[in-house]
Amino acid sequence: MGKIVAVANQKGGVGKTTTSVNLASGIAIQGKSVLLVDIDPQGNATSGLGLDPSSLKETVYNCLIKDKKCEESIKQTNINGLYILPANADLAGAEIELVNIDRREQHLRDALHELGSRFEFIFIDCPPALGILTINALAAAQSVLIPVQCEYYAMEGLTRLIGSIDRVCQAFNPGLNLEGIVLTMFDARNTLARQVVEQVRSHFREKVYQTMIPRNVTLAEAPSYGRPGILYNAASSGSQAYLSLAKEFLAHGEKSAR
């Protein structure tokens, strides 16, 4: 099976979906086979890759609740090698429907296991809350990638999140590791942003990626056109940052494999 990475942060607005879409795209451009799993009922990763969530009949919901095979719902994107298991508003009901289902925390793990080694990398875009959907993602993943916005209270929120991940790890997935921390929405002109970077790096050291994602108009505009930043405007600083992050991510994996 390929490497499964949950992209998670229980705080909204930190660039989680932007990171999921653009990192997955950047890795696919490097010639890798990548699946992006949208497990957020808002379906932003789905629409961000050019699909209309409201028109979809086969989504990740069918895999979680109706025991359908993931293969039936996976869609190809405009980027060669990148596929998406989409989501729409149907997924909102899964939070309630999973409550009374046996092994409710492991349905996504079981569904993805059926894919075998078709994909080299699987990224899961989680909702901004530690509910049953995010727990399913963490139970299915081998590691967690955490986007952290360079703003006040960043360290406090990050510490709480790490604690939550540790509890999920103990209960459902002992092999879950911290893949890394990505600093997002960085503005070098902002003193607070620079302080946050210094603080996060001093606490988490090598777990923090060297590549930082800047505040960037392209990254904000691209989703409304149904395209990742690297297709919408590859020359922008935001797109170039995610391409650099993709290379750094792959380099980390190669070091770990040695």
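Here my numbering runs 542 ahead of the position in the sequence shown, where the first position is 1. Just so it is clear, CB atoms sit at the ideal spot from N, CA and C, and this is done for glycine as well. Because the structure is a prediction, the values reported are computed rather than measured.
Using C-beta distances below 7 Å, list every residue in its chain close to Gly557, excluding the 5 sequence neighbours before and after it, in chain order. Locating residue 557 in the sequence shown gives position 15, where the first residue counts as 1. Answer for Gly557: Pro689, Gln691, Thr726, Met727 and Ile755, listed in chain order.
Should Gly568 go down as buried or exposed, given a rule of 16 or more other Cβ atoms within 10 Å for buried? Against the sequence shown, residue 568 aligns to sequence position 26. By the Cβ neighbour-count rule, Gly568 is buried, with 16 or more other Cβ atoms within 10 Å of its own.
Taking the alpha-carbon positions, what's the Ser597 to Asn604 distance? For the purposes of this step, residue 597 is identified with residue 55 of the sequence shown, where counting begins at 1. For the purposes of this step, residue 604 is identified with residue 62 of the sequence shown, where counting begins at 1. Those two C-alpha atoms are separated by around 15 Å.
Under the criterion of a Cβ to heavy atom distance below 8 Å, does Ile569 qualify as lining the ligand GDP? For the structure depicted, the ligand GDP is absent and the ligand set is empty, with no information on it obtainable.
Would you tell me roughly how many angstroms separate the C-alpha atoms of Ser615 and Asp708, rounded to the nearest one? For the purposes of this step, residue 615 is taken as the residue at position 73 of the sequence shown. For the purposes of this step, residue 708 is taken as the residue at position 166 of the sequence shown. Cα-Cα distance, rounded: 31 Å.
Would you check if there are 3 or more beta carbon pairs closer than 8 Å linking the segment 759-777 to the segment 738-745? no
Cβ distance (whole Å) where Ala681 is taken to contact Glu647 below 8 Å: Residue mapping note: residue 681 aligns to position 139 of the sequence shown, counting from 1. Residue mapping note: residue 647 aligns to position 105 of the sequence shown, counting from 1. Yes, they are in contact, since the Cβ atoms of Ala681 and Glu647 sit about 5 Å apart, within 8 Å.
Would you decide whether Ile643 is buried or exposed? Buried here means 16 or more other CB atoms lie within 10 Å of its CB. For this step, residue 643 is matched to residue 101 along the sequence shown. Result: exposed.
Is DSSP giving Phe531 helix, strand or coil here? Because the chain in this structure spans residues 543 to 800, residue 531 falls outside the shown range and cannot be described.
I want to know whether the segment 549-566 touches the segment 701-717 - three or more CB-CB distances under 8 Å. yes
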